[in-house]
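Some notes on the structure that comes next.
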Amino acid sequence: MINFLQNVIDALSLGSLYALVALGIGLLFGILRLVNFAHGDFITIGAYSLILPSTNVVATMVIGSWHWAVLIPVVCAIVVVVAMATDVFVFRPLRRSSAPTLMIASFAVSYMIQNGVLMMYGARPKAVNLWSALTTQVTIGGLREPVLQIVTIGTTIGLMLVMSLFLKHARWGVQMRAAAEDFLMAQYLGVRGNFVIGLAFAVSGILAAAVSLLFLAQTGALSNVMGVPLALFAFVAVVVGGMGSLPGAVVGGFLVGIVTTMLQAYLPPDLRVFRDAFTFTFVIVVLLVRPAGLIPSRSIAERV
Amino acid sequence: MTAMLALADVEVRYGRLVALRGLSLEVGQGEIVCLIGPNGAGKSTTMAAIAGGVARVAGSIRFEGTELPARKPERIARLGLSLVPEGRHVFGTLTVEENLRIGGYMRPNARESAAALERVAGYFPKLKERWRAPAGRLSGGEQQMLSIGRALMTNPRLVMVDEPSLGLAPLIVDTVYEILLELREREGLTLLINEQSSHRILRFADRIYVIRNGAIQLHGTADELRDGEAIKAAYFGFGASVAQAGAPSGAAA
């Protein structure tokens, strides 16, 4: 039982990360019809921004050694700047292009970031020790959990709350929702299209920065492709949840995280290597039953 | 009279398809002008071109003396020109109140926006009842009211309404037109309205343009066109009678 509960918390913690990544991807898809595969590389940038740019094998912490109250906003700011620059230099010139064009452009951005990191920081993965205090375990009624798991879940819930309050009540949030539903109509009503899109990139940058810190604190390893699997799983989560639906992205993220963790824990050892195959089989089954995802976006359904 | 809105030789293409071929029309301050024509004639494209929703290939569109930019819908909205599009296009997942607020965000301050919300709600008591309901759940008539109310929130001087009667019961259509007339009286609005059929239009439009094949075929005051024969001819393209009626401003086909 204790073992199972521990697995549940692990699952929720992994699910939180996927949910945060999926939210970042889902937000841009909702407004721009852009499937942003570079989102994972925003995460990579957030993680690398902590250390001194050099090809040395040993990572030298710069920002990473600052107090967390300074570190977090600075990393957020860096990722937000990168995300918004991506919009200005890549996606804004492609504003009237089709969704596949945008997606391919996001692959280009992704490769540019990966190889840029390669050039600046070298090809070897680097070990980084971020917030090691968080890996200490706390005991809650027989459960022994690293503090980090709880921080991850808490951060995710906090960010989702702030984001839903923002989307629900802030004037910019309402404009974002309107633009996500009918972009041209929002513009006809005076909503500044480029501003709203820039805002969406900024929010997705903040989400990516949060993931990069939580993920790095967990794994302790930097690599120029560290964000790719996160983005891939999160994309799957977005599809499972329902393209264009933010609650769907969150549910999908948690679901994929939970399924992956549980498979890892309960599959016979011989089959564990094929864990991801089982995860994706599950995804296929979900999509066969609900092709539009678990929580389909109303605005997209109406357009079809 | 200098026209409030003037289109001259406007041409719009979608790929190789020519949607507007040298269309010209004028709307004067305080007028109700109707653009009527069959499906696919270019009515909606005309409004989209004015509102900045499509790229303009050639020609000029001037509003209160300034040339409107193509493809800049949010800037055009700020000049006091608002579009109520065909099919309403309410934001279905947003509440009625949120839909209206969207239009008010570009007003200079929150207090003015709140006052506008109050005033607009006054015109549409039905909407007030559904204030917190998602707009997607409203009936077609209510959505049309919401779409008009939302346009009003942007503080426009000229409102373009694209096929307000589309898909609505005749009784509801009457209500919609009554409200449009009331808005002209009380808010001093100028109106440009698209319709497919002319009989209702003749009752309250000041002037009428008949559009077919992306160009104006006929135009005149509602009085001049009262008997409807000329309109019928222009609408369906019986060349002979077009010449007699009114003064066609576009090139006749």
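Just so you know, the protein sequences line up as chains B and U, in that order.
Read in my numbering, the first sequence has 191 at position 191, and its numbers run on one by one without any break.
So the number in my numbering is just where the residue sits in the second sequence, counting from 1, plus 1000.
Ideal Cβ placement from N, Cα and C applies to all residues, glycine included.
1) Using the rule of at least 16 other Cβ atoms within 10 Å of the residue's Cβ for burial, across every protein chain shown, is Ser65/B buried or exposed?
2) For Ala1008/U, list the residues DSSP reports as bridge partners.
3) Taking 8 Å as the threshold, find out whether the region 109-117 of chain B comes into contact with the region 203-217 of chain B through three or more Cβ pairs.
4) With a CB to CB cut of under 8 Å and the five nearest residues on each side skipped, what residues in its chain are close to Val75/B?
5) Just checking my contact of Thr86/B with Ala38/B at CB under 8 Å: how many whole Å lie between their CB atoms?
6) With a cut-off of 8 Å on the beta carbons, I'd call Pro125/B and Ser16/B a contact; round off their distance for me.
7) If you reduce the DSSP assignment to three classes, tell me which class Ala1253/U lands in.
8) Using the three-state DSSP reduction, which class does Asn1194/U fall into: helix, strand or coil?
9) Identify whether Leu294/B lies in helix, strand or coil by the three-state DSSP scheme.
10) Would you mind telling me which residues of chain B sit closer than 9 Å to Glu1229/U, beta carbon to beta carbon, in chain order?
11) Starting from Met185/B, find everything on chain U with Cβ-Cβ shorter than 8 Å and list it in chain order.
12) Which chain B residues are close to Ala1035/U, counting only those with a beta carbon under 7 Å from its beta carbon?
13) Tell me whether Glu1118/U is buried or exposed, calling it buried when 16 or more other Cβ atoms sit within 10 Å of its Cβ.
14) Can you say whether Gln137/B is buried or exposed, counting buried as having 16 or more other CB atoms within 10 angstroms of its CB?
15) Just to make sure I have the definition right: I need the residues of chain B whose C-beta is within less than 9 Å of the C-beta of Gly1053/U. Which are they?
16) Between Thr260/B and the ligand MG, is there a pair consisting of the residue's CB and a ligand heavy atom that are separated by less than 7 Å?
17) Which runs of the beta strand (DSSP E) spanning at least 3 residues fall entirely within the region 1130-1164 of chain U, listed in chain order?
18) Whose C-alpha, out of Asp182/B, Leu167/B, Leu184/B and Asp10/B, is nearest the C-alpha of Ala200/B?
19) State yes or no: is the beta carbon of Thr77/B nearer than 8 Å to at least one beta carbon in chain U?
20) According to DSSP, is Leu1094/U helix, strand or coil?
21) Is the CB-CB distance between Lys1029/U and Arg1088/U below 8 Å?
22) Alpha carbon to alpha carbon, what distance is there between Leu1094/U and Met1145/U?
23) Should Glu181/B be flagged as near chain U, meaning a C-beta pair shorter than 8 Å?
24) Short of 9 Å Cβ to Cβ, which residues in the region 1148-1173 of chain U face chain B?
25) Inspect the beta-carbon positions of Arg1212/U and Ala1234/U and report whether they are closer than 8 Å.
26) Who pairs with Ala1084/U in a beta bridge, going by DSSP?
27) Counting only Cβ pairs nearer than 8 Å, list the residues of chain B close to Leu1094/U.
28) With a 10 Å radius around its C-beta and 16 neighbouring C-beta atoms as the bar for buried, classify Ala180/B as buried or exposed.
29) With a cut-off of 8 Å, does the C-beta of Arg124/B fall near any C-beta of chain U?
30) Near Thr60/B, what residues of its chain come up, given a Cβ to Cβ distance below 8 Å and the 5 sequence neighbours on each side ignored?
31) Does the CB of Gly293/B have a neighbour CB from chain U at under 8 Å?
32) Pair every Cβ in the region 11-30 of chain B with every Cβ in the region 251-269 of chain B, then say whether three or more of these pairs are closer than 8 Å.
33) Who does Met61/B pair with in a DSSP beta bridge?
34) Check this for me: beta carbons of Val35/B and Met103/B, under 8 Å apart or not?
35) Quick one: which residues of the region 1046-1078 of chain U get their C-beta closer than 7 Å to a C-beta of chain B? List them in chain order.
36) My output table needs one value for Pro146/B: the three-state DSSP class, helix, strand or coil.
Short version:
1) Within the first sequence, numbered from 1, the residue matching residue 65/B stands at position 65. Classification of Ser65/B: exposed, given that the 10 Å Cβ count is below 16.
2) Start at 1 with the first residue of the second sequence, and residue 1008/U comes out as number 8. Paired residue(s): Ser1060/U.
3) no
4) Mapped onto the first sequence, residue 75/B falls at position 75. Excluding sequence neighbours, Val75/B sits near Gly46, Ser49, Leu50, Ile63, Ala209, Ser212 and Leu213.
5) Indexing the first sequence from 1 puts residue 86/B at position 86. Indexing the first sequence from 1 puts residue 38/B at position 38. With a Cβ gap of about 6 Å, Thr86/B and Ala38/B count as contacting.
6) By one-based count along the first sequence, residue 125/B stands at place 125. By one-based count along the first sequence, residue 16/B stands at place 16. Wrong, their Cβ atoms sit about 24 Å apart, outside the cutoff.
7) Counting from 1 along the second sequence, the entry for residue 1253/U is found at position 253. Annotation note: pLDDT 36 at Ala1253/U (below 50); position unreliable, no value reported.
8) Counting from one through the second sequence, the residue named residue 1194/U turns up at place 194. DSSP places Asn1194/U in strand when its eight states are reduced to three.
9) Sequence index remark: in the first sequence, residue 294/B carries index 294 (1-based). Coil.
10) Here the question's residue 1229/U lines up with position 229 in the second sequence. Here the premise fails: no neighbours, minimum Cβ distance about 37 Å.
11) Here residue 185/B corresponds to residue number 185 of the first sequence, with the count starting at 1. The answer, in chain order, is Pro1085, His1089 and Phe1091.
12) Position 35 of the second sequence, counted from the start, is the residue given in the question as residue 1035/U. Here the sequence assigns Leu to residue 1035/U, which means Ala is not the residue at that position. By Cβ distance, chain B contributes nothing, its closest Cβ being about 18 Å from Leu1035/U, past 7 Å.
13) Mapped onto the second sequence, residue 1118/U falls at position 118. Per the 10 Å Cβ criterion, exposed.
14) As a working mapping, residue 137/B is identified with position 137 in the first sequence. It counts as exposed.
15) In the second sequence, counting from the first residue as 1, residue 1053/U sits at position 53. The answer, in chain order, is Leu184, Gln187 and Tyr188.
16) Summarising the ligand content, the structure contains no ligands, and the ligand MG is consequently not present.
17) 1158-1162
18) Taking the first sequence and counting its residues from 1, the one referred to as residue 200/B is at position 200. If we check each option's Cα against that of Ala200/B, Leu167/B comes out closest.
19) Taking the first residue of the first sequence as position 1, residue 77/B is located at position 77. Sequence inspection shows Ala at residue 77/B; the Thr mentioned does not correspond to that position. Output row for Ala77/B: interface = no.
20) Residue numbering aside, residue 1094/U sits at position 94 when the second sequence is read from its first letter. Here Leu1094/U sits in coil by DSSP.
21) As a working mapping, residue 1029/U is identified with position 29 in the second sequence. As a working mapping, residue 1088/U is identified with position 88 in the second sequence. Position check: residue 1029/U holds Gln in this sequence, whereas Lys was assumed. No, they are not a contact pair.
22) Within the second sequence, the letter at position 145 stands for residue 1145/U. Within the second sequence, the letter at position 94 stands for residue 1094/U. The straight-line gap from Cα to Cα measures roughly 15 Å.
23) Within the first sequence, numbered from 1, the residue matching residue 181/B stands at position 181. Output row for Glu181/B: interface = yes.
24) Arg1150, Ala1151, Met1153 and Thr1154
25) Along the second sequence, read from residue 1 onward, the residue named residue 1212/U stands at position 212. Along the second sequence, read from residue 1 onward, the residue named residue 1234/U stands at position 234. Yes, the Cβ-Cβ distance between Arg1212/U and Ala1234/U is below 8 Å.
26) Here residue 1084/U refers to the residue found at position 84 when the second sequence is read from its first residue. Residue identity check: residue 1084/U is Val in the sequence provided, not Ala. Answer is Val1161/U, bridged to Val1084/U.
27) Taking the second sequence and counting its residues from 1, the one referred to as residue 1094/U is at position 94. By Cβ distance, chain B contributes Val174, Arg177, Ala178 and Glu181.
28) To locate residue 180/B, count along the first sequence from 1; it is residue 180. Buried, because 16 or more other Cβ atoms sit within 10 Å of the Cβ of Ala180/B.
29) By one-based count along the first sequence, residue 124/B stands at place 124. With 8 Å as the cut-off, Arg124/B does not count as an interface residue toward chain U.
30) Here residue 60/B refers to the residue found at position 60 of the first sequence. So the qualifying residues of the chain are Ile51, Leu52 and Ser54.
31) Working through the first sequence from its first residue, we reach residue 293/B at position 293. Chain U, which has no Cβ nearer than 8 Å to the Cβ of Gly293/B, makes this no.
32) yes
33) For the purposes of this step, residue 61/B is taken as the residue at position 61 of the first sequence. Met61/B pairs with Ile51/B.
34) Your numbering for residue 35/B matches position 35 in the first sequence. Your numbering for residue 103/B matches position 103 in the first sequence. Result yes, Cβ atoms of Val35/B and Met103/B sit closer than 8 Å.
35) Ala1051, Gly1053, Pro1073, Glu1074, Ala1077 and Arg1078
36) In the first sequence, the residue the question calls residue 146/B occupies position 146. Three-state result, Pro146/B: strand.
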